[in-house]
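K.L.:
The sequence shown maps to residues 1 to 84 in UniProt numbering.
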Amino acid sequence: MKALLSFLVENIVENKKEVQITEQVEDGIKVFHLKVGAADMGKIIGKEGKVIKALRAALKVRSFATKERFQLSLEEAPAFNAEN
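#1: Using 9 Å as the threshold, is the C-beta distance between ASN15 and ALA39 below it?
#2: Using C-beta distances below 8 Å, list every residue in its chain close to LYS30, excluding the 5 sequence neighbours before and after it, in chain order.
#3: Could you check where the beta strand (DSSP E) with residue 85 kicks off and where it finishes?
#4: Are the Cβ atoms of HIS33 and ILE45 separated by less than 9 Å?
#5: Tell me the residue span of the alpha helix (DSSP H) that contains ILE45.
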C-alpha cells in the first residue's frame, strides 16, 4: 500500500525529493504519515480537498479488500536544503 501511495503522490508533486511516507500502527490502524514540501501542499490537497480525498478513498478501497484499517495524515516537510 505504501508503494502505491508513493507512486500516486510522486506523480502529483513537483519536488519528488521532499516526499516522505512513513508507516506506523496505532490502535490497530495502519497510519501513513505523508510529508510534502510547502510548495506542493496545495497540489496534494487540491481544490476543495478533492486530491487528498481521492488518496484517502484509495486507502479505503484497499481496506475493504484486506480487512485492514488505514489512515492518511498529511504534514508539511521541513524546508529542503539542496546544499546538504
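Ideal Cβ positions, reconstructed from N, Cα and C, are used throughout, including at glycine.
P.N.:
The structure says:
#1: Yes, the Cβ-Cβ distance between ASN15 and ALA39 is below 9 Å.
#2: MET1, GLU23, GLN24, GLU68, ARG69, PHE70, GLN71
#3: Beyond the ends of the chain as shown, which are 1 and 84, falls residue 85; an answer cannot be given.
#4: Cβ distance not < 9 Å, so HIS33 and ILE45 don't count as in contact.
#5: Element bounds for ILE45: 41-45.
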